[in-house]
Amino acid sequence: MSEMLSDTALDQLFRHARTFNAWLDREVTDAQLHQLYDLLKFGPTSANSSPMRLVFVKSAEAKAKLSPFLSEGNRAKTMAAPVTAIVANDHAFHEKLPQLFPHADAKSWFEGNQPLIDTTAFRNATLQGAYLILAARAVGLDCGPMSGFDNAGVDAAFFAGTSVKSNFLINIGYGDASRDLFPRSPRLSFDEACTIA
């Protein structure tokens, strides 16, 4: 049976975690990126579909390729981040279902049904992107998830000729709390957001 996490862990994952806009000059290693994926991959998705595909933008060359497609407000902070994850949806995810969901013919559920493929890919890859944020926080990294980029441009630059489409971006590194950290915005209360039926 699972046990309640400590307040320290809950603070790190949720209560004290922030969206960072400034970054310390500190490397995020390839080994850390493997560690993130090896945690987030266990998060549940529909029929274990796992449609998220990631590009971890680290090199100067890759950053230069990404830069033109960022909105002006997102460019400087993204170029300063040690890593930017392009969280993307694979719209041919169902081709891997015989491997990922072998106890049923799940691939046949999607074949020929593009609207179902598209909504399943988008929903579940977005969910996996949230798992990435939690995995990063769990291993001591900070995140800055964002929209504000040209999806078509990113797709042409990073996913040309594939069934993969960009969803959103997550800057990853060690956040600099002394710069560009806005006061925490309000959240809706339980009664404003929830109903128990």
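For what it's worth, this note's numbering labels the leading residue of the sequence shown as 810, then goes sequentially.
For every residue, glycine included, the Cβ atom is placed at its ideal position computed from N, Cα and C.
N- and C-terminal bounds of the beta strand (DSSP E) containing residue i
i, result
"P954", "951-955"
"A890", "No beta strand (DSSP E) holds A890; DSSP gives it neither H nor E."
"K916", "Counting along the chain, K916 falls outside any beta strand (DSSP E), though it belongs to the alpha helix (DSSP H) covering 916-919."
"F977", "973-982"
"V963", "Not the beta strand (DSSP E): V963 falls in the alpha helix (DSSP H), residues 960-967."
6 angstroms CB neighbourhood of residue i in its chain, flanking five on each side removed
i, result
"A930", "P860, N898, H900, F902"
"V963", "F878, S975"
"N960", "S975"
"K867", "V892"
"F910", "A856, N857"
Contact belief for residue i with residue j at Cβ below 8 angstroms, rounded distance in angstroms
i, j, result
"F851", "C952", "Not really, about 19 angstroms apart at Cβ, beyond 8 angstroms."
"T893", "N980", "5 angstroms"
"L845", "A945", "6 angstroms"
"A856", "A947", "Going by Cβ atoms, the distance from A856 to A947 rounds to 25 angstroms, so no, they are not a contact pair."
"L925", "S858", "Not a contact, Cβ separation roughly 11 angstroms."
"L943", "R827", "Going by Cβ atoms, the distance from L943 to R827 rounds to 14 angstroms, so no, they are not a contact pair."
"V837", "L950", "7 angstroms"
Whether residue i touches residue j by CB criterion (7 angstroms)
i, j, result
"N883", "G984", "no"
"F878", "L842", "no"
"G982", "A890", "yes"
"A831", "R988", "yes"
"K874", "M888", "no"
Chain-order list of residues whose beta-carbon lies under 8 angstroms from that of residue i (same chain, five-residue window excluded)
i, result
"V896", "M861, L863, A934, T935, Q937, G938, L941, S975, N976, F977, L978, I979"
"A966", "K874, L875, F878"
Helix, strand or coil at residue i according to DSSP, with G and I counted as helix
i, result
"R993", "coil"
"A871", "helix"
"L863", "strand"
"L819", "helix"
Run of the alpha helix (DSSP H) containing residue i, from where it starts to where it stops
i, result
"I942", "923-947"
"F902", "Counting along the chain, F902 falls outside any alpha helix (DSSP H), and DSSP gives it neither H nor E."
"A1002", "999-1002"
"L909", "906-909"
"L845", "839-849"
Residues of its chain near residue i, where Cβ-Cβ distance is below 7 angstroms and the 5 sequence neighbours each way are ignored
i, result
"Q923", "none"
"S972", "D899, H900, A901"
"D839", "none"
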